[in-house]
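Sequences listed follow chains A and B, in order. Each position in the first sequence, counted from 1, maps to that position plus 1 in this note's numbering. Each position in the second sequence, counted from 1, maps to that position plus 1 in this note's numbering. Every residue gets a Cβ at the ideal spot worked out from N, C-alpha and C, and that includes glycine.
There are 2 protein chains.
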Amino acid sequence: MVANFSFHINPHLFKKNPEESAIGREIVSNSIDLINNLGIENFTFKKLATKIQHTEATIYRYFENKQMLLLYIVSWYWHYLDFLIDYKIQNLAEPKQKIQEIISILSQNLSETKLTSYYNMAAIFEIVIREGNKVYLHTEVKEINKIQLYKPYKDLCEKISLLFQTYNSSYKFSHSLASTLVETSHLHIFFTENLPRLTDVNEENKNSYTHHFLSDLIFKSLN
Amino acid sequence: MVANFSFHINPHLFKKNPEESAIGREIVSNSIDLINNLGIENFTFKKLATKIQHTEATIYRYFENKQMLLLYIVSWYWHYLDFLIDYKIQNLAEPKQKIQEIISILSQNLSETKLTSYYNMAAIFEIVIREGNKVYLHTEVKEINKIQLYKPYKDLCEKISLLFQTYNSSYKFSHSLASTLVETSHLHIFFTENLPRLTDVNEENKNSYTHHFLSDLIFKSLN
DNA sequence: TTAATTGTGATAGTAAAGCTATTAATGTAA
DNA sequence: TTACATTAATAGCTTTACTATCACAATTAA
Numbered sequence: 002m003v004a005n006f007s008f009h010i011n012p013h014l015f016k017k018n019p020e021e022s023a024i025g026r027e028i029v030s031n032s033i034d035l036i037n038n039l040g041i042e043n044f045t046f047k048k049l050a051t052k053i054q055h056t057e058a059t060i061y062r063y064f065e066n067k068q069m070l071l072l073y074i075v076s077w078y079w080h081y082l083d084f085l086i087d088y089k090i091q092n093l094a095e096p097k098q099k100i101q102e103i104i105s106i107l108s109q110n111l112s113e114t115k116l117t118s119y120y121n122m123a124a125i126f127e128i129v130i131r132e133g134n135k136v137y138l139h140t141e142v143k144e145i146n147k148i149q150l151y152k153p154y155k156d157l158c159e160k161i162s163l164l165f166q167t168y169n170s171s172y173k174f175s176h177s178l179a180s181t182l183v184e185t186s187h188l189h190i191f192f193t194e195n196l197p198r199l200t201d202v203n204e205e206n207k208n209s210y211t212h213h214f215l216s217d218l219i220f221k222s223l224n
Numbered sequence: 002m003v004a005n006f007s008f009h010i011n012p013h014l015f016k017k018n019p020e021e022s023a024i025g026r027e028i029v030s031n032s033i034d035l036i037n038n039l040g041i042e043n044f045t046f047k048k049l050a051t052k053i054q055h056t057e058a059t060i061y062r063y064f065e066n067k068q069m070l071l072l073y074i075v076s077w078y079w080h081y082l083d084f085l086i087d088y089k090i091q092n093l094a095e096p097k098q099k100i101q102e103i104i105s106i107l108s109q110n111l112s113e114t115k116l117t118s119y120y121n122m123a124a125i126f127e128i129v130i131r132e133g134n135k136v137y138l139h140t141e142v143k144e145i146n147k148i149q150l151y152k153p154y155k156d157l158c159e160k161i162s163l164l165f166q167t168y169n170s171s172y173k174f175s176h177s178l179a180s181t182l183v184e185t186s187h188l189h190i191f192f193t194e195n196l197p198r199l200t201d202v203n204e205e206n207k208n209s210y211t212h213h214f215l216s217d218l219i220f221k222s223l224n
């Protein structure tokens with residue numbers, strides 16, 4: 002399926018809406034590739050400017066700094082996930098099936114769950130896994146939270162949390178379990194690839210490992 | 002209890018061992034306060050140099066860059082945790098009690114579990130919670146892993162994992178559960194403080210919340 | 001005792017990163 | 001046609017990140 006996603010993005014994320022001009026779209030789309038290749042620490046607006054044949058100052062007209070651009074990309078992912086979850090579970094009858102589907106999406110059995118878009122989705126996933134929690138793990142978290150920039154993440158957790166409640170209304174930690182599911186899925190995809198001794202992955206179970214672990218974790222908590 | 006911890010720190014972490022000179026100890030001890038106050042992104046060797054009345058170049062004689070200094074601090078914490086766990090569980094008979102004790106330590110019911118040291122322990126904890134996973138969430142993770150700089154973290158997970166196995170030998174994800182326990186404890190301490198809607202914390206359960214959630218998560222997984 | 005060696009921190013840089021004030025060009029409205 | 005507003009480019013500045021070299025003191029060697 003090919004769709005043109007357009008989510009309501011919090012205007013505090015940018016100085017000028019990058020969706021509304023060709024240069025803006027070039028900035029976002031090329032930054033996704035560049036951040037993925039270099040990592041956010043080595044990524045600079047200068048390098049991006051060179052890549053898209055414009056000047057640094059032009060990029061500063063759209064984004065306050067590279068951290069805001071990263072948050073823009075990660076926000077886009079949160080909205081995308083929210084949308085994808087709705088899309089995937091709408092025809093499933095049982096809460097259990099819906100939860101299983103969410104776990105599948107987060108474990109990235111990608112071929113089946115991916116929706117394509119204008120952006121390089123594989124690069125966005127890698128960015129979110131490696132850089133995602135840097136958008137809140139810093140000293141300005143409270144100020145950024147005040148202007149609602151983490152709302153899409155909270156909404157996503159709220160959605161998953163409600164499903165958990167539907168499945169087992171006596172469970173006391175549904176929000177925590179939802180955020181833990183999202184965070185643990187990202188970390189585990191990173192660990193299985195880079196630090197496998199922090200997991201129990203091996204050659205045989207490689208493809209399904211993260212999915213199995215997350216299913217075990219979530220359903221044992223909920224039952 | 003007051004103790005003078007001295008762990009075997011991997012020599013790749015520094016250019017010159019900071020434990021072996023007064024200036025080296027000043028560098029580490031003051032960097033802990035400064036990184037805690039500024040965050041690793043705003044922390045610079047120049048600011049640290051000003052604080053300790055020496056030059057930037059002096060600091061560069063000890064540490065390659067601020068990321069290595071952060072990894073030094075986080076490594077110190079991993080060793081400390083490993084030591085503290087041994088110290089706290091040695092007199093406990095049952096695996097269940099031992100696991101409960103580890104969860105207590107990680108939930109930071111601090112007053113009881115803290116061992117004091119030359120360094121500002123409260124600052125180290127805050128650094129680990131906010132900056133800890135930045136030491137591996139980057140593009141050079143594989144090179145750093147090759148020179149064994151994550152070994153103390155892996156050893157810590159191995160220790161916790163073995164306890165899980167003793168408690169329930171049929172559980173298949175003991176390493177994953179160990180790393181998830183450590184990571185989730187850090188994230189949840191951060192969330193309850195800064196992004197409470199990602200959890201189910203409230204005014205009444207505030208103090209014990211993280212501990213309850215982690216206990217529920219771990220023992221349901223293991224039973 | 002003097003000369004050579006070694007280990008230390010200080011000085012003084014450079015290149016890149018991060019950001020901004022000003023100017024120039026283009027499009028729109030009166 | 002002129003005034004105004006929007007947008008990008010130019011050129012800069014400050015800070016960060018890092019390094020080459022120097023100076024000094026302690027140690028050792030002749």
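Item: Per-residue DSSP class, three states only, for A/T51; Value: helix
Item: Contacting positions in the segment 44-56 of chain A - beta carbon closer than 8 Å to chain B; Value: none
Item: A/I90 beta carbon less than 8 Å from that of A/I1; Value: Absent from the model: residue 1 of chain A. The displayed extent of chain A is 2 to 224, so no value can be given.
Item: Of the residues B/N146, B/K155 and B/P96, the one placed nearest B/Y168, counting alpha carbons only; Value: B/P96
Item: Which listed residue (A/H212, A/E132 and A/N224) has its alpha carbon closest to that of A/Y78; Value: A/E132
Item: Residue of A/N121, A/F8, A/N66 and A/F214 minimising C-alpha distance to A/F192; Value: A/F214
Item: CA-to-CA distance, A/F46 to B/E27, given in whole angstroms; Value: 36 Å
Item: Closer than 8 Å to chain B by CB, A/N134; Value: yes
Item: Burial state of A/N43, where buried means 16 or more other Cβ atoms lie within 10 Å; Value: exposed
Item: At least three beta-carbon pairs within less than 8 Å, the segment 204-219 of chain B to the segment 179-195 of chain B; Value: yes
Item: Environment of B/P12 [buried if 16+ CB atoms lie within 10 Å]; Value: exposed
Item: CB-CB length for B/I10 against B/S76, believed under 8 Å; Value: 6 Å
Item: Those runs of the alpha helix (DSSP H) which lie wholly inside the segment 144-205 of chain B and span at least 4 residues; Value: 152-168 and 175-195
Item: Cβ-Cβ distance between B/S180 and A/T211 below 8 Å; Value: no
Item: Contact set between the segment 200-223 of chain A and chain B, restricted to residues whose Cβ is under 7 Å from the partner; Value: T200, D201, F214, D217, L218, K221 and S222
Item: Those runs of the alpha helix (DSSP H) which lie wholly inside the segment 4-39 of chain B and span at least 4 residues; Value: 23-39
Item: Buried or exposed by the 16-neighbour rule on C-beta atoms within 10 Å, applied to B/S171; Value: exposed
Item: Cβ shell of B/N121 (< 8 Å), same chain only, five flanking positions each side left out; Value: S30, I33, D34 and N37
Item: Length-filtered (4 minimum) alpha helix (DSSP H) runs lying within the segment 61-135 of chain B; Value: 67-90, 96-108, 111-114 and 122-132
Item: B/N146 versus A/K173 - alpha carbon distance; Value: 38 Å
Item: Cβ-Cβ separation, B/L138 to A/Y151 (assumed contact under 8 Å), whole Å; Value: In fact, because the Cβ distance is near 18 Å, the residues do not count as touching under 8 Å.
Item: Proximity test, Cβ basis, 8 Å: B/Y78 and chain A; Value: no
Item: Contact set for A/V202: own chain, Cβ-Cβ below 6 Å, skip 5 residues either direction; Value: T193 and Y210
Item: Chain-ordered chain B contacts of A/K155 [CB-CB under 8 Å]; Value: L196, R198 and L199
Item: First and last residue of the uninterrupted alpha helix (DSSP H) at A/H212; Value: Y210 to L223
Item: Proximity test, Cβ basis, 8 Å: B/K143 and chain A; Value: yes
Item: CB contact below 8 Å: A/T140 versus chain B; Value: yes
Item: Close Cβ partners of B/L182 (< 7 Å) along its chain, the five nearest in sequence each way excluded; Value: L107, I161, L215 and I219
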